[in-house]
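S.K.: If you read the sequence shown in our numbering, its first letter stands for residue 10, the second for the next number, and so on. Don't be surprised by glycine CBs; every beta carbon is placed ideally from N, CA and C. Questions regarding the structure given below will be posed in turn.
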Amino acid sequence: ATTIPRAIITTLIVTAALYTAVGLVAVGNVGAVRYAALTNEGAAPLEAIAQDFALPGAGLLLAIGAMTAMLGVLLNLILGLSRVLLAMGRRGDMPAATARIDAAGTTPYVAVLVMGAVIALLALIGNVKTTWSFSAFTVLIYYALTNLAALGLPPAARRFPRWVAVAGVVACLFLAFWVEPLVWGSGLALLGVGLVWHWVQWRTRR
10 ATTIPRAIIT TLIVTAALYT AVGLVAVGNV GAVRYAALTN EGAAPLEAIA QDFALPGAGL
70 LLAIGAMTAM LGVLLNLILG LSRVLLAMGR RGDMPAATAR IDAAGTTPYV AVLVMGAVIA
130 LLALIGNVKT TWSFSAFTVL IYYALTNLAA LGLPPAARRF PRWVAVAGVV ACLFLAFWVE
190 PLVWGSGLAL LGVGLVWHWV QWRTRR
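Given below as structure tokens:
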């Protein structure tokens, strides 16, 4: 019962330490002003900084590592979001076809194909910054809703005090709107469409 919470906390600490170390090295190498300029000029400032190191192939190695990490994130998104779509299909929030399972009874193939297509369409936008900004906004809204749902748990089922969930909601919403207005505006519009869809489905089932 305590393994997953410990694993989550450990992962957060290690990840925060790694990001902090990378940030310190990057800023220490080129300075804060140059780092900000590289960030605004392109989508891969760390690769540009790595080119300054006196290490042959440092930029290429960093690019390979970044692509490997992104492929891991992509796989996690497809598998995770397809299961969310599967659950929504079973509840009637999405078309019943999204709840179909393959013959082996292990893979929601329709949901996987749908989410794969959605992610591919986002990738085809051609602007990496817009894509990851939209992804960041939607993920933060998702976690804000998760924290909001945690507030409704009865005291006996609650693992942490209520203020932890409240802090999670506030932090997620605060960070979500640091992306470009076009991105969060589009995200809110899609959220509105989803709410209308849910309301129509609810009215239909009554």
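(1) Within the same chain, show all residues whose beta-carbon is closer than 8 Å to that of valine 175, passing over the 5 residues directly before and after it, in chain order.
(2) With a threshold of 8 Å, are at least 3 pairs of Cβ atoms found where one atom belongs to the segment 59-73 and the other to the segment 88-101?
(3) Quick one: grab the DSSP three-state call for isoleucine 128.
(4) Tell me which same chain residues have a C-beta within less than 8 Å of the C-beta of tyrosine 44, skipping the five on either side of it?
(5) Could you tell me if the beta carbon of tryptophan 208 falls within a distance shorter than 7 Å of some heavy atom in the ligand ZN?
(6) Give a yes or no on contact between the segment 202-211 and the segment 138-157, applying the rule of three or more CB pairs nearer than 8 Å.
(7) How is arginine 214 classed by DSSP in three states: helix, strand or coil?
(8) Rounded to the nearest angstrom, what separates proline 170 and arginine 214 at their Cα positions?
(9) Are the beta-carbon atoms of threonine 107 and alanine 120 separated by less than 8 Å?
(10) Please work out which residues of its chain come closer than 8 Å, Cβ to Cβ, to tyrosine 118, disregarding the five sequence neighbours upstream and downstream, and give them in chain order.
(11) Measure from the alpha carbon of glutamine 278 to the alpha carbon of each residue in Arg99, Ala129, Phe62 and Ile150, then state which is nearest.
(12) So for phenylalanine 146, helix, strand or coil by DSSP?
(13) Taking the Cβ atom as the reference point for each residue, do valine 202 and serine 142 lie within a distance shorter than 8 Å?
M.R.: To lay it out plainly:
(1) Asn156 and Leu160
(2) no
(3) helix
(4) Ala35, Val36, Pro54 and Ile58
(5) Ligands displayed in this structure: none; no statement on the ligand ZN is therefore possible.
(6) no
(7) helix
(8) 36 Å
(9) yes
(10) Arg109, Ile110 and Asp111
(11) Nothing can be reported for residue 278, as the shown portion of the chain is limited to 10 through 215.
(12) helix
(13) no
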